[in-house]
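Letter by letter, the sequence shown follows residues 6 to 523 in our numbering.
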Amino acid sequence: MSADNKADQANSGLLNRILNKVEVIGNKLPDPAVMFAGLLVIVWFLSLIFAQFSYSELDPRSGAPVVVNNLLAPDAMANFLATMVTTFTSFAPLGVVLVAMLGIGVAERSGFINVGIKLLLNNTAKILLTPILILVAIVSHTAVDAGYVLVIPLGGIIFYAAGRHPLAGIAAAFAGVSGGFSANFVPSAIDPMLQGITQEAARLYDPNIILNPLNNWYFTAASTLVVVLVGWYLTDRVIEPRLAGTEIDGDPAEMPKIEEVTDRDRKAFIAGGLTMILGTVLLVAAVWPETSALRSPEGEIAAFDAPLMQSIVPIIFLLFWLPGIVHGFVAGTFRESKDVIMAMSKTMETMAYYLVMAFFCALFIKAFGDSNLGILLAMKGAGFLQSLAVPGPVTLVGIIMLVAIINLFVGSASAKWLLISPIFVPMLMQLGISPDLTQAAYRVGDSVSNIITPLLPYFPLVVVYCQRYTKGTGIGTLVSMMLPYSVALGIIWTAFLLLYWTIGIPLGVQANYVYPAG
Numbered sequence: 006m007s008a009d010n011k012a013d014q015a016n017s018g019l020l021n022r023i024l025n026k027v028e029v030i031g032n033k034l035p036d037p038a039v040m041f042a043g044l045l046v047i048v049w050f051l052s053l054i055f056a057q058f059s060y061s062e063l064d065p066r067s068g069a070p071v072v073v074n075n076l077l078a079p080d081a082m083a084n085f086l087a088t089m090v091t092t093f094t095s096f097a098p099l100g101v102v103l104v105a106m107l108g109i110g111v112a113e114r115s116g117f118i119n120v121g122i123k124l125l126l127n128n129t130a131k132i133l134l135t136p137i138l139i140l141v142a143i144v145s146h147t148a149v150d151a152g153y154v155l156v157i158p159l160g161g162i163i164f165y166a167a168g169r170h171p172l173a174g175i176a177a178a179f180a181g182v183s184g185g186f187s188a189n190f191v192p193s194a195i196d197p198m199l200q201g202i203t204q205e206a207a208r209l210y211d212p213n214i215i216l217n218p219l220n221n222w223y224f225t226a227a228s229t230l231v232v233v234l235v236g237w238y239l240t241d242r243v244i245e246p247r248l249a250g251t252e253i254d255g256d257p258a259e260m261p262k263i264e265e266v267t268d269r270d271r272k273a274f275i276a277g278g279l280t281m282i283l284g285t286v287l288l289v290a291a292v293w294p295e296t297s298a299l300r301s302p303e304g305e306i307a308a309f310d311a312p313l314m315q316s317i318v319p320i321i322f323l324l325f326w327l328p329g330i331v332h333g334f335v336a337g338t339f340r341e342s343k344d345v346i347m348a349m350s351k352t353m354e355t356m357a358y359y360l361v362m363a364f365f366c367a368l369f370i371k372a373f374g375d376s377n378l379g380i381l382l383a384m385k386g387a388g389f390l391q392s393l394a395v396p397g398p399v400t401l402v403g404i405i406m407l408v409a410i411i412n413l414f415v416g417s418a419s420a421k422w423l424l425i426s427p428i429f430v431p432m433l434m435q436l437g438i439s440p441d442l443t444q445a446a447y448r449v450g451d452s453v454s455n456i457i458t459p460l461l462p463y464f465p466l467v468v469v470y471c472q473r474y475t476k477g478t479g480i481g482t483l484v485s486m487m488l489p490y491s492v493a494l495g496i497i498w499t500a501f502l503l504l505y506w507t508i509g510i511p512l513g514v515q516a517n518y519v520y521p522a523g
């Protein structure tokens with residue numbers, strides 16, 4: 006055996022021991038629902054303690070000093086009880102997941118998705134399965150949260166159907182959807198949203214500055230290759246070999262059937278596929294006119310206030326529900342309308358555990374936001390980094406690390422940037438670094454730790470996806486699977502940004518590296 010092979014085995018053994026330890030410790034944590042309930046209580050008492058002090062940090066939303074709200078005060082507890090139901094029902098991921106899963110469940114139980122995956126596998130080189138899955142996961146960002154409810158569960162189905170470990174497929178898709186959140190060669194609504202926040206922060210230093218909404222597009226497009234390559238290597242060389250000893254003990258009735266595609270299956274899939282294509286054509290025709298009701302008032306398609314972007318989940322529902330029905334009746338898996346309703350009901354049965362977790366998760370996230378503890382953490386961290394007064398490149402790396410840490414507690418990309426951009430953007434402009442580059446650094450940090458924080462609203466859902474195949478999956482299992490992606494992306498993506506900057510490749514449309522622009 007060569008010295009290189011021995012070194013690889015030693016490193017692999019050490020990595021496995023570390024990840025196994027993370028998994029064991031993580032799985033000793035309480036059930037996710039219990040954990041969120043416990044965190045809720047902890048936030049209550051922390052808010053009581055920290056509310057006794059005054060802080061010099063200014064809340065950028067109001068311009069006033071940050072105030073921690075005591076959630077154990079009588080009026081706060083009364084409000085908590087009065088709004089408990091609406092806090093749960095208005096929990097953003099809840100409606101997204103349930104509505105989308107109703108449509109996807111029909112498509113899956115009719116056989117439409119499974120036949121499509123088998124046909125895909127028959128025409129895709131096995132070696133390219135992982136990178137194609139990650140690439141699709143990255144592109145799914147264009148449709149807001151579609152990746153969480155569509156691509157990640159499909160990752161498990163695709164790998165299982167290919168004879169590979171389904172948890173590896175879920176991990177690869179999760180890495181693309183969430184770990185590579187800021188990597189996409191297709192512009193999406195997140196671009197103008199972040200640009201708007203950056204521009205307002207920059208105007209604190211230069212009132213006349215104007216930034217392009219696609220000021221990071223070239224960098225995020227190039228980052229797609231980085232995320233795909235890192236995810237491909239880790240999935241095939243680290244994660245899947247480590248999962249070799251993890252038993253697949255899920256309910257056989259819930260597993261995708263690995264059977265030959267019959268002629269009737271092909272006819273049914275063609276019928277369902279044509280239904281999906283027809284639906285897509287009708288959607289494009291409805292959006293095409295500049296005066297379309299699906300566009301924003303300014304005529305934009307990808308803006309957050311465009312009805313099209315606000316209708317992504319209902320569109321996903323229809324584009325899977327209708328083809329699933331057509332496929333089911335042609336294939337014979339559905340014989341009457343009751344079968345369609347039963348397919349939807351069965352899908353909702355599998356979501357019962359998620360509903361319980363979502364209930365406590367919603368209450369915790371609401372309480373954490375109301376307490377202002379997250380704002381205090383962000384402002385303290387930003388102030389500390391600013392006080393170090395280190396050179397620009399080092400500050401950029403510090404921003405990436407700080408954002409990645411804050412992201413473990415404050416998940417919203419816009420909320421974090423609203424909090425810290427008024428500090429970092431003007432500060433780096435004084436050092437000659439453009440707001441475009443500062444925003445690019447923020448986007449890297451905002452992505453890499455998404456996949457290891459149980460406080461990500463969709464994290465419990467991914468645990469449920471894993472439990473479909475391995476019943477004993479817990480928080481520790483998922484964190485240990487995703488930790489290599491998080492660490493590797495954090496290091497390599499940061500190095501890529503610095504290299505990108507050194508070479509001088511344009512960051513995006515009308516973007517600059519220096520301020521003022523030369």
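For every residue, glycine included, the Cβ atom is placed at its ideal position computed from N, Cα and C. Since we're looking at a predicted model, the values are computed, not measured.
*When we look at the beta-carbon of E265 and count the other beta-carbons within 10 Å, is it buried (16 or more) or exposed?*
For the purposes of this step, residue 265 is identified with residue 260 of the sequence shown, where counting begins at 1. Residue burial is scored here from C-beta neighbours: E265 has fewer than 16 other C-beta atoms within 10 angstroms and is therefore classed as exposed.
*Report the three-state DSSP secondary structure of I438 (helix, strand or coil).*
Numbered from its first residue, the sequence shown carries residue 438 at position 433. Three-state DSSP puts I438 in a strand.
*Taking the alpha carbon of A173 as the point to measure from, which residue in D64, G161, V27 and R448 has its own alpha carbon closest?*
To locate residue 173, count along the sequence shown from 1; it is residue 168. Here the closest residue by C-alpha is G161.
*Burial state of V71, where buried means 16 or more other Cβ atoms lie within 10 Å*: Your numbering for residue 71 matches position 66 in the sequence shown. Label assigned to V71: buried.
*Under the DSSP definition of a beta bridge, which residues are partnered with P70?*
Taking the sequence shown and counting its residues from 1, the one referred to as residue 70 is at position 65. Answer by DSSP bridge pairing, in chain order: L63.
*asked:* Buried or exposed, going by whether 16 or more other CB atoms sit within 10 Å of the CB of A291?
replied: For the purposes of this step, residue 291 is taken as residue 286 along the sequence shown, with counting starting at 1. Answer is exposed; the Cβ neighbour count stays below 16.
*For V519, which beta-bridge partners are listed by DSSP?*
In the sequence shown, residue 519 corresponds to position 514, counting from 1. I438.
*Going by CA-CA distance only, name the one from S183, V102, G121 and K123 that's closest to V154.*
Walking along the sequence shown from the start, residue 154 turns up at place 149. Residue V102 is the option with its Cα nearest to V154.
*Taking buried to mean at least 16 other C-beta atoms within 10 Å of its own C-beta, is G250 buried or exposed?*
As a working note, residue 250 is residue 245 in the sequence shown. Exposed: under 16 other Cβ atoms inside 10 Å.
*Any contact of the stretch 97–112 with the stretch 310–328, i.e. 3+ C-beta pairs under 8 Å?*
yes
*Do the stretch 102–121 and the stretch 335–344 meet, that is, are 3 or more Cβ pairs less than 8 Å apart?*
yes
*Inter-residue spacing [alpha-carbon to alpha-carbon] between A12 and P98*: By one-based count along the sequence shown, residue 12 stands at place 7. By one-based count along the sequence shown, residue 98 stands at place 93. For A12, the predicted model reports a pLDDT of 44, less than 50, meaning its position is unreliable; a value from the coordinates is still stated below. If you draw a straight line from the Cα of A12 to the Cα of P98, it comes to about 44 Å.
*Is R269 buried or exposed, if buried means 16 or more other CB atoms sit within 10 Å of its CB?*
Numbered from 1 along the sequence shown, position 264 holds the residue referred to as residue 269. With fewer than 16 Cβ atoms within 10 Å of its Cβ, R269 is classed as exposed.
_Considering only their Cβ atoms, is the gap separating V182 from I163 smaller than 8 Å?_
Position 158 of the sequence shown holds residue 163. Position 177 of the sequence shown holds residue 182. Not in contact: I163 and V182 (Cβ atoms no closer than 8 Å).
*Whole angstroms is fine: what's the gap from V399's alpha carbon to A445's?*
Sequence index remark: in the sequence shown, residue 399 carries index 394 (1-based). Sequence index remark: in the sequence shown, residue 445 carries index 440 (1-based). Rounded to whole angstroms, V399 to A445 spans 15 Å at the Cα level.
*Leaving out the 5 sequence neighbours to the left and right, which residues in its chain are closer than 6 Å to L45 when beta-carbon positions are compared?*
In the sequence shown, residue 45 corresponds to position 40, counting from 1. Excluding positions up to five away in sequence, the list reads L368, F369 and A372.
*Could you say which of G18, I139, M106 and L34 lies nearest to M353 if we only look at CA atoms?*
Stepping through the sequence shown from its first residue, residue 353 is reached at position 348. Checked all of G18, I139, M106 and L34; the closest Cα to M353 is M106.
*Grab me the residues of P218's own chain with a C-beta within less than 7 Å of its C-beta, minus the 5 sequence neighbours each way, in chain order.*
Taking the first residue of the sequence shown as position 1, residue 218 is located at position 213. Counting only Cβ-Cβ distances below 7 Å, and skipping sequence neighbours, we find D196, P197 and Q200.
_Touching by the beta-carbon criterion (3+ pairs, under 8 Å), the stretch 392–409 and the stretch 488–506_ = yes
_Check this for me: beta carbons of S228 and A188, under 8 Å apart or not?_
For the purposes of this step, residue 228 is taken as the residue at position 223 of the sequence shown. For the purposes of this step, residue 188 is taken as the residue at position 183 of the sequence shown. Yes, they are a contact pair.
*State buried or exposed for M314, treating a residue as buried only when at least 16 other CB atoms are found within 10 Å of its CB.*
By 1-based counting over the sequence shown, the position of residue 314 is 309. By the Cβ neighbour-count rule, M314 is buried, with 16 or more other Cβ atoms within 10 Å of its own.
*Where L230 and A167 are concerned, what is the direct C-alpha to C-alpha distance, given to the nearest angstrom?*
Your numbering for residue 230 matches position 225 in the sequence shown. Your numbering for residue 167 matches position 162 in the sequence shown. Those two C-alpha atoms are separated by around 24 Å.
*Going by C-alpha distance, which of I175, G43, I137 and L133 is nearest F464?*
Position 459 of the sequence shown holds residue 464. Checked all of I175, G43, I137 and L133; the closest Cα to F464 is I175.
_Let me check understanding here. Comparing Cα to Cα, which of H170, K421 and I411 lies closest to R247?_
The sequence position of residue 247 within the sequence shown is 242, counting from 1. Minimum Cα distance to R247 is reached at H170.
_Range covered by the alpha helix (DSSP H) that runs through P98_ = Within the sequence shown, numbered from 1, the residue matching residue 98 stands at position 93. Start and end: A97 to R114.
*Integer-rounded CB distance, given that P37 should sit under 8 Å from P294*: Within the sequence shown, numbered from 1, the residue matching residue 294 stands at position 289. Within the sequence shown, numbered from 1, the residue matching residue 37 stands at position 32. Between P37 and P294 the Cβ distance is about 46 Å, and since that is not below 8 Å, they are no contact.
*Would you kindly work out how many angstroms separate the C-alpha atoms of A499 and S67, rounded to a whole number?*
The residue you call residue 499 lines up with position 494 of the sequence shown. The residue you call residue 67 lines up with position 62 of the sequence shown. The identity of residue 499 in the sequence shown is Thr, whereas the question assumes Ala. For T499 and S67, the distance between alpha carbons rounds to 32 Å.
*Option in I118, A177, I109 and I132 with minimal Cα separation from L138*: To locate residue 138, count along the sequence shown from 1; it is residue 133. Minimum Cα distance to L138 is reached at A177.
*Can you grab the Cα-Cα spacing for the pair Y470 / V232, in whole Å?*
Residue mapping note: residue 470 aligns to position 465 of the sequence shown, counting from 1. Residue mapping note: residue 232 aligns to position 227 of the sequence shown, counting from 1. Taking the straight line joining both Cα atoms gives about 22 Å.
_Excluding the 5 residues flanking G333 on each side, which residues of the same chain have their C-beta closer than 6 Å to its C-beta?_
Walking along the sequence shown from the start, residue 333 turns up at place 328. The answer, listed in chain order, is S115 and F339.
*Ignore the nearest five residues each way along the sequence and tell me which others in L159's own chain have a CB closer than 6 Å to its CB.*
Looking up residue 159 in the sequence shown gives position 154. Nothing listed; no residue qualifies.
*Can you tell which of N412, L63 and F96 has its C-alpha closest to the C-alpha of M362?*
If you number the sequence shown from 1, residue 362 lands on position 357. Measuring from the Cα of M362, the nearest candidate turns out to be F96.
*Among D375, V331, F179 and P302, which has the Cα closest to the Cα of A276?*
Start at 1 with the first residue of the sequence shown, and residue 276 comes out as number 271. Taking only the C-alpha atoms, the option nearest A276 is V331.
*Tell me, to the nearest whole angstrom, how far the beta carbon of D375 is from that of N74; I am working on the premise that it is less than 8 Å.*
Here residue 375 corresponds to residue number 370 of the sequence shown, with the count starting at 1. Here residue 74 corresponds to residue number 69 of the sequence shown, with the count starting at 1. Yes, they are in contact, since the Cβ atoms of D375 and N74 sit about 6 Å apart, within 8 Å.
*asked:* Short of 6 Å in beta carbon distance, which residues of its chain neighbour I497, apart from the five on each side in sequence? Order them along the chain.
replied: Within the sequence shown, residue 497 is the residue found at index 492, counting from 1. So the qualifying residues of the chain are V235.
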